[in-house]
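**Student:**
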Amino acid sequence: MAQWLVKSEPDAFSWQQQVENGVEPWTGVRNAQAAKFLRAMAVGERAFFYHSNIGKEIVGVVEVARAAYPDPTEDTGPKGIQRWACVDMRAVGPMPRPVTLATIKATPGLEEIGLIRQSRLSVMPVSDAHWAMLCEMGGWPGR
DNA sequence: GCCAACGTTGGC
DNA sequence: GCCAACGTTGGC
1 MAQWLVKSEP DAFSWQQQVE NGVEPWTGVR NAQAAKFLRA MAVGERAFFY
51 HSNIGKEIVG VVEVARAAYP DPTEDTGPKG IQRWACVDMR AVGPMPRPVT
101 LATIKATPGL EEIGLIRQSR LSVMPVSDAH WAMLCEMGGW PGR
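Those letters in the first sequence? Residues 1 to 143, per full-length UniProt numbering, in order.
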């Protein structure tokens, strides 16, 4: 079971909207590395939902409701070539205490997390150890 | 195949 | 609003 972190600008798509919609397609990823991670996701795996730009904090936990399929928001061009994938995410619950980027940066043991090392990547794996630490920091009760 | 120019993301 | 990081594009 892998864990993940996905980013969204709340202006474009927020945690609030994720909760209201329940299950939501995670579309619009146009980066090869991020797309590779999307394709590696299995149903039931969980991800931290991170607000970039505004908030800059982990606000909730989602889980994969449907594994990778062709991104319907992609313009496939005249030849109809599909390059990008998306998954469906389901809201599991909010972080009791959202974990901010500043806190993550200041926490020993989290220096190597992808969120910091590759700040522009919008989908990334989270190690078991980092997942456990962040759950603890955020007061997340479950797995 | 190299590399400069340019665009985008995201933190500050 | 600025800038660093970095991916993409296009000329050669």
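Glycine included, every Cβ here is placed at the ideal spot set by N, Cα and C.
List in chain order: all unbroken beta strand (DSSP E) runs of 3+ residues lying wholly within the stretch 75–134.
**Tutor:** 85–100 and 123–126
**Student:** In this structure, does DSSP put F13 in helix, strand or coil?
**Tutor:** Residue state, collapsed to three classes: coil.
**Student:** Can you tell me whether G44 is buried or exposed, with buried defined as 16 or more other CB within 10 angstroms of its CB?
**Tutor:** exposed
**Student:** Can you give me the C-alpha to C-alpha distance between C86 and E9, rounded to a whole angstrom?
**Tutor:** 17 Å
**Student:** In angstroms, rounded to a whole number, what distance separates the CA positions of T103 and E112?
**Tutor:** 14 Å
**Student:** What separation, rounded to the nearest whole angstrom, lies between the Cα atoms of R97 and A35?
**Tutor:** 29 Å
**Student:** Buried or exposed for E136, please, with buried defined as at least 16 other CB atoms from any protein chain shown within 10 angstroms of its CB.
**Tutor:** Note on E136: under 16 other CB atoms within 10 angstroms of its CB, so exposed under the neighbour-count rule.
**Student:** Sort M89, R90 and D71 by Cα distance to I81 and report the nearest one.
**Tutor:** D71
**Student:** Nearest CA to the CA of A67: which residue from A132, L110 and V23?
**Tutor:** V23
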